[in-house]
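Below is one structure; the comments refer to it alone.
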Amino acid sequence: MKKTFYIAAVAIFALSCKEKEVTTTQEVEEVETVTQASTTEIVLFDGSSFDAWKGYGTDGMHDNWTIEDGAMAFTPGEEGGKNIITKNTYKNFELNLEWKVSEGGNSGIFWGVKESPDFKEAYETGPEIQVLDDERHPDAKVANGTHKAGSLYDMIKPADGMINPAGEWNKVTLYINHDSNLGKVSLNGKEAYTFPVNGEEWDAMVAKTKFADWKGFGKYQEGHIGLQDHGDKVWYRNITIKEL
């Protein structure tokens, strides 16, 4: 009787351990699934469609933006203000894209854009990574370098030598995480600078810029990604985003 009881107890213990192992494996698989989903790269522009984009302040896409050789190209017209934004909004993300600007050209990459009748332009709310021909555009010679290509416009300049000249492609990686209060910019594969994205440190940075008295600038943690019409020819391609 004692022997039979012992064998039964061992069997029950083994079965219990096996069930626990299955449960643990299932839990790991569930965590891995969530992690994979949260790090999936979303294609915002694949070289063939503007499906993820729209004009700022309108439901449609501005005709000034076309597709040339797998890149979205902006060609200036008689009227300005043809900025475009993503249809979706983002809070914590890693954005990757490539840009090329014409000689003497100027454009910009926005994030945290609030689309509202209260704001006529995307730059009224969205901080900007500058796109510029540093050699020819006068903006590169002002504001202690914080208007140069790759800069966090009017706030932080990159080191010299990180940007390819007009007519050549440049890659930008923009990392924004409001939960950890960290922003990072990499230019052509090299980390350029980091910065706070909210709170007192961010407010102190903005207070030293021309945006200090703008009621909506940098205020929206979740917003659209935007690309700027600054009246010059510019190209963008290989645009992806990964939500964190």
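For what it's worth, this note's numbering labels the leading residue of the sequence shown as 3, then goes sequentially. Even glycine gets a Cβ: it sits at the ideal position worked out from N, Cα and C. Here the structure is a predicted model, which is why all the values come from computation and not from measurement.
Tyr125 in three-state terms, based on DSSP
helix
Using beta-carbon positions only, say whether Phe213 and Ile158 come within less than 8 Å of one another.
no
Just to confirm my understanding: we take Asn200, look at its own chain, exclude 5 residues before and 5 after, and list those with CB closer than 8 Å. What are they?
His180, Asn183 and Gln223
Backbone CA spacing between Glu100 and Gly59 [nearest angstrom]
Roughly 25 Å between the two C-alpha positions.
Please state the DSSP three-state secondary structure of Met74.
strand
Report the start-end ranges of each alpha helix (DSSP H) in the stretch 180-218 that is 4 residues or longer and not cut off at the edges.
201-209
Classify Pro140 as buried or exposed, calling it buried when 16 or more other Cβ atoms lie within 10 Å of its own Cβ.
Residue environment for Pro140: exposed (fewer than 16 other C-beta atoms within 10 angstroms of its C-beta).
Gly233 by DSSP, collapsed to three states: which one?
Under the three-state reduction of DSSP output, Gly233 falls in the coil class, being neither helix nor strand.
For Lys244, the three-state DSSP class (helix, strand or coil):
strand
What is the C-beta distance between Asp215 and Asn66, in whole angstroms, given that I count them as a contact (C-beta under 8 Å)?
The pair is not a contact, with the Cβ atoms about 31 Å apart (cut-off 8 Å).
For Lys56, report the span of its beta strand (DSSP E) as first-last.
Per DSSP, Lys56 belongs to the beta strand (DSSP E) from Trp55 to Gly57.
What number of angstroms, rounded off, separates the C-alpha of Gln132 from the C-alpha of Met63?
23 Å
Where does Asn146 fall in DSSP's three states?
helix
Quick one: is Asn90 buried, meaning 16 or more other Cβ sit within 10 Å of its Cβ, or exposed?
By the neighbour-count rule (16 or more Cβ atoms within 10 Å), Asn90 is not buried but exposed.
So which of His149, Ala73, Asp136 and Thr42 has the shortest CA-CA distance to Asn240?
Comparing Cα positions, the closest option is Ala73.
Interface flag, Asn146 vs chain B, CB-CB below 8 Å:
As a matter of chain content, chain B is missing from the structure shown, which is built from one protein chain.
For the beta strand (DSSP E) that Phe95 lies in, which residues bound it at each end?
In the DSSP assignment, Phe95 falls within the beta strand (DSSP E) that extends over Phe95 to Val103.
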